[in-house]
Amino acid sequence: MQAIVDQVQNVTALIAQISAATAEQSIALSEVSSAVEDLDDITHQNAARVAEGAEASGRMAHQANRLVEAISVFR
């Protein structure tokens with residue numbers, strides 16, 4: 001009978017360990033999820049900045065062309 005009690009106690013201890021490990025994994029997954037959301041936000045911000053940079057580059061190219069045309073009068 002004592003052997004059964006000992007085994008039940010062992011199983012109970014294992015279940016407690018599994019429960020603790022599961023809680024730790026849950027916390028870790030929550031942190032990973034938060035980090036992925038942060039990366040997603042940063043990616044969207046970077047995409048917006050790239051679009052702004054491309055637009056500014058296009059405006060600068062247009063202004064450079066106009067400047068070349070204006071300078072060509074003096075040649």
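So the sequence shown is residues 1 to 75, counted in my numbering.
From the three backbone atoms N, C-alpha and C, an ideal C-beta is built for every residue, glycine too.
Bear in mind the structure is a predicted one, so any value in this text is a computation, not a measurement.
Residue i, DSSP secondary structure in three states
i      : result
Arg-49 : helix
Met-1  : coil
Arg-75 : coil
Residue i to residue j span [Cα, whole Å]
i      : j      : result
Arg-49 : Met-60 : 16 Å
Val-68 : Ala-28 : 59 Å
Asp-52 : Gln-25 : The sequence shown places Glu at residue 52, not Asp. Roughly 40 Å separates the two Cα atoms.
Ala-70 : Gln-63 : 10 Å
Glu-31 : Asn-46 : 22 Å
Ala-20 : Gln-9  : 16 Å
8 Å CB neighbourhood of residue i in its chain, flanking five on each side removed
i      : result
Ile-15 : none
6 Å CB neighbourhood of residue i in its chain, flanking five on each side removed
i      : result
Asp-38 : none
Can you check the segment 9-45 for any beta strand (DSSP E) of at least 3 residues that lies completely inside it and give the ranges in chain order?
none
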